[in-house]
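Worksheet: the structure to be examined is printed underneath.
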DNA sequence: GATGTGTAGCTCAGTAAA
DNA sequence: TTTACTGAGCTACACATC
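Protein chains in written order, with my numbering: chain A, 108 to 1229; chain B, 2 to 168.
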């Protein structure tokens, strides 16, 4: 065809061929010239299109010019398509092509509207161009070259929004082709496909889609499920937020990828706040357009993000929210009150200040990120007289923030004086009380409709909330003024003494009271008095509103009131049901009060004799109560008392423990907390007094495996973690059980447990060399036990891979991590305490495990070999250690029972690496020689015990129960069994520093290492170690939620029904507790006998003995107040 | 602990945890990644000490010089040997053998497998963040307002770490 | 066992943050 | 300006498949 064109026509076509490349050449350099070049190219296009040929004897027209234009363009495009991702020149060209598509179609549309009236379906140069280009590109969608696919899809994505009108069939094939590419192997291709689709989906009518999914369906599915973050992000950025898509978009605030989360806040939510030409109308992500749940979701996830950049983006968004909600709503934008307070308050109204901390977090975030807002907040004169929940909340958080950043100047200028505020509180409290009573009367009279009643109750709740906020604010007031101080003290004290005070207000009141008390003794005394007042109200005239007469708080009688016949002096049996109910309500309130008080003090029980009365009259009866609520609170109270009363604690731990098993979960949680706290506080003292806490901690540790409730599990793990972390449990089994729980398939959904341990395990490991040693010690047995669990995995259960588990241990035992942590913590002097050789020990342990013939799980062995190369072996090691390792390596390469090439390779690599690195030290290595060395005697014996490779396979087949066959190899000595799988500890001494020849055992079981399974030990007790026995033990295992070692260490004690008794026998002190545990009921009665005749002389009055100063100090030192 | 500690909590921690809790700050800072449980655990290796780092600085400026010298050659005349269609055919050639261009598990048999795998598809969402921190390790359950001073732990890095402070 | 594919580890360059 | 982190590309190896 080109050859056939006439001379006259030739020149415009040649022009096209020469001019278009020049435009492209410019376009690739910068996007700035694109607009200019659109015009230039368009001119060429139009000029060229005028060149046509008549064909078929004039019956048809051939659009030679257009065709040439398209061909030239396609050819140029082909030059770009193979250019790899990231080539900006190529990107610009494709952008240019997309832009030109837009340009040419817009021009066509303009022309069309200019000459209106013509029929619609007429082809134009533009539509033909678009169709041709699309068809051309569609052919490249399935190219085998991923780069070509990427570029083709990129071009299409640039074009999609500007296609003008295209044929139905082209649209259909384009849509199908794009949908197809959503499952492209290459993420970059998928990115372009979804960009294209997201531009397409706006125009798609779901009704028109006959079958299959709509584009939107696919996009939303991909948004959640695509493996590549890039793809998800691309959808996120190109999806129009609306009622349908928004929930899916908001779900991405918890995407695993931080950049996606950032995009949600920094792009999607931010850029769609407003819409319309001048951004004047409310956009789809305007806070008022969202539901309250969505707003809270956005704030909670954003401000709670681990990534600082996400938090910053969320914070910035919140600042914008405050700006745009400052204007009331659509109409009155030019309204008077557009102050910063208005914005913040409007925002608070959009949240729920009453529940959750979201509103407070949002406010604090705005204060920090938008200092302009914070600094311009002022509380006018009227502010304090007309408090709403939002304004009170704002004031409280504002004051708290000022306090936090030590902005005393601002604090002083905003806060009202104490006295004024006290009167304010008093007034609103009295009003509230009156209104509550009125309301109760009204209800009795039945004069309210349902609506009226609800409305009134909401209002009362609001006012109560305001009061609570002001009380919280009052904690931060300046109490230098004695008058104000007294006034406030008296006020709060009186409030607490009123039966009507809502329980919600109790903590706030107590905080104020604590602030105003001169010391803890005073606080305790006052609260105890209040408790007495509440339970014995006759003396007070409770109908009176709080009197503002000046009462000196120091004048409050400190003595306990004499007992009189009142509600609580009447024997419970004689109470009417109404009286009993009332008594219960009051007792619960008193317990709450006591709990609140005890949470806030730390002086010892003995220093505060007044507490004893409360314990006897209130707490102990509560603990004995049948009412769950009461019991629960009673136990918490008793537990809190224990924390400051050592003797009480000693007597109570057994009680708490005995109650755990039989209690419902709710109470169980409190009991467990109590035990852990008691141990945390008194462990040293207990130990000093010769009390063996082993049985207690042991049963707590074992509970991890038997408790079914997630909350209980998590709590147990947390508690045990704390005890292990702080050195109060040193038994390796605790650590091991924690790791088992951590990885168990049964805890996958228990985030609390898993996240606790995710923090604890490395923190523990990196906080002491001895801790890493423990990790090293338990590694192999834990590893194999986890593998056992994995083998028994159900279909629907998941678990991390064995290699992953191994890597975790390698990470935890990494001495570099430890020294880094030690340095960061300022323990530089101690960094020589870091054991650099710990992973050399690991390597030795692993080698010994590999050599044991009964370790035959291919997968496990493979993983262990792979782990070798990950271990850190320092450059300088002592001769013995490295020679030991080499000896093991050497033996292993001789006997290598490995079949697969991968492991072999990995092993050889490690072996040669070691051999080369320590060539000097291993120079004269010869197996026979080293076996003779005293230092390596254990190893030598270990190796000698091993059955030679050739025979070991027979052993594997032969069941163990038949007894170990012994084979006399040429150079091996017959010896006792070498049973057992992965044993944890090397028999070697530490780096050979203390050469000692131990008794021949496969593994040392010194005190630090109670790890060893009985069946694993080389202890000469053959009958015990037969296979059936072991199997029986496994079968005996009770149904456990987490499979914790059944063939665990110290079998003889662990799997017997009464391990505790056995252990306790060693400790006379503890025996009493054992008895208690055996007969819990009896014990409760013994201990908590509340027979009133004995009140004056409680069975454990000994706790009232003033403790030695030393002991008090100890408790005081241990706890530090906030 | 379902919420990130806010400034009030942190201030409380700062005023009083200075004695011992400060040492644990390191963990709080460094365990920010890897909080989400074992399935999200990733090995993060510490970078070995870069001994010689003085001469590496000047290199940055040098590489800046060569910046985007590349240009696509649109201007050379097209290869007369190769027709547009041929090039296109070459570039657009679909795969003939081996693995396709789609993700495994998709394509022709997708309809069946989709329903099965749909339930198992990863949503790529983080678990609820419990915001566990050193704070939880040194506070009591019942008295969260107080911190435990672990005097015994000052000897933490000693060789015999299981020792207990004896005064 | 040969083959091709998928993936992990490594290095380098570019970018974002300090 | 320097530094740290991320992402792309490369290489080698493991794994699956025939």
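Idealized CB from N, CA, C, for every residue including glycine.
Residue j beta carbon less than 8 Å from that of residue i
| i | j | result |
| --- | --- | --- |
| residue 823/A | residue 779/A | yes |
| residue 748/A | residue 702/A | no |
| residue 251/A | residue 94/B | yes |
| residue 446/A | residue 138/B | no |
| residue 463/A | residue 425/A | no |
| residue 868/A | residue 846/A | yes |
| residue 688/A | residue 713/A | no |
| residue 746/A | residue 729/A | no |
| residue 52/A | residue 294/A | Chain A is shown only over 108 to 1229; residue 52/A falls outside these bounds and no answer can be derived. |
| residue 946/A | residue 920/A | yes |
| residue 399/A | residue 459/A | yes |
| residue 929/A | residue 941/A | yes |
Neighbourhood of residue i by C-beta distance below 7 Å, restricted to the same chain and skipping five residues each side
| i | result |
| --- | --- |
| residue 631/A | 704, 708, 715, 717, 718 |
| residue 967/A | 891, 894, 909 |
| residue 127/B | 37 |
| residue 1149/A | Confidence in residue 1149/A is poor, its pLDDT being 49 and thus under 50, which makes the residue's placement unreliable; the coordinate value appears in the next sentence. Taken in chain order, the residues that qualify are 811, 812, 847, 848, 851, 853, 854. |
| residue 185/A | none |
Residue i (DSSP reduced to helix, strand or coil)
| i | result |
| --- | --- |
| residue 750/A | helix |
| residue 562/A | helix |
| residue 388/A | strand |
| residue 105/B | coil |
| residue 835/A | coil |
| residue 522/A | coil |
| residue 1003/A | coil |
| residue 1139/A | Low confidence applies here, because residue 1139/A scores a pLDDT of 36, under 50, leaving its location unreliable; read the following figure in that light. Looking at residue 1139/A - three-state DSSP - the assignment turns out to be helix. |
| residue 797/A | coil |
| residue 852/A | helix |
| residue 381/A | strand |
When the options are compared against residue i, the one with the closest alpha-carbon
| i | options | result |
| --- | --- | --- |
| residue 350/A | 263/A, 361/A, 390/A | 390/A |
| residue 127/A | 152/A, 142/A, 118/A, 139/A | 152/A |
| residue 172/A | 509/A, 232/A, 375/A | 232/A |
| residue 493/A | 545/A, 573/A, 520/A | 573/A |
| residue 690/A | 643/A, 322/A, 952/A | 643/A |
| residue 43/B | 242/A, 916/A, 931/A | 916/A |
| residue 623/A | 427/A, 590/A, 801/A | 590/A |
| residue 620/A | 249/A, 862/A, 608/A, 592/A | 592/A |
| residue 354/A | 214/A, 612/A, 396/A | 396/A |
| residue 1028/A | 984/A, 1003/A, 1013/A, 731/A | 984/A |
| residue 403/A | 456/A, 964/A, 383/A | 456/A |
Own chain partners of residue i with C-beta closer than 6 Å, once the 5 adjacent residues on each side are dropped
| i | result |
| --- | --- |
| residue 468/A | 410 |
| residue 662/A | Note on residue 662/A: pLDDT 40, under 50, position unreliable in the model; the coordinate value appears next. Same-chain partners within the cutoff: there are none. |
Own chain, CB closer than 8 Å to residue i, minus 5 neighbours either side, in chain order
| i | result |
| --- | --- |
| residue 503/A | 576, 577, 579, 580 |
| residue 1010/A | 968, 969, 972, 973 |
| residue 1204/A | Caution is warranted here: a pLDDT of 31 is assigned to residue 1204/A, below 50, making its placement in the model unreliable, and the coordinate value is therefore given only provisionally. So no residue of the chain qualifies. |
Interface residues of the stretch 121-135 of chain B facing chain A [CB-CB below 8 Å]: 122, 123, 124, 125, 126, 127, 128, 129, 130, 131, 132, 133, 134, 135
Beta carbons nearer than 8 Å to chain B: which residues of the stretch 126-137 of chain A have them? 128, 129, 131, 132, 135, 136
In the stretch 815-829 of chain A, which residues sit with their C-beta less than 8 Å from some C-beta in chain B, listed in chain order? 822, 825, 826, 828, 829
According to a CB-to-CB cut-off of less than 8 Å, which residues of the stretch 81-93 of chain B neighbour chain A? Within the stretch 81-93 of chain B, 85, 88, 89, 92, 93 place their CB atoms closer than 8 Å to a CB of chain A, listed in sequence order.
Could you name the residues of the stretch 738-749 of chain A whose beta carbon sits closer than 7 Å to any beta carbon of chain B, in the order they occur along the chain? Correct list: 743, 746, 747.
Name, going along the chain, the residues of the stretch 867-878 of chain A whose beta-carbon falls closer than 8 Å to a beta-carbon of chain B. Contact residues of the stretch 867-878 of chain A toward chain B are 867, 869, 870, 873, 874, 875, 876, 877, 878 (C-beta to C-beta distance below 8 Å).
Under 9 Å, CB to CB, which of the residues in the stretch 410-422 of chain A have a partner in chain B? Within the stretch 410-422 of chain A, contact with chain B at the beta-carbon level (separation under 9 Å) is assigned to 410, 411, 412, 413, 414, 415, 418.
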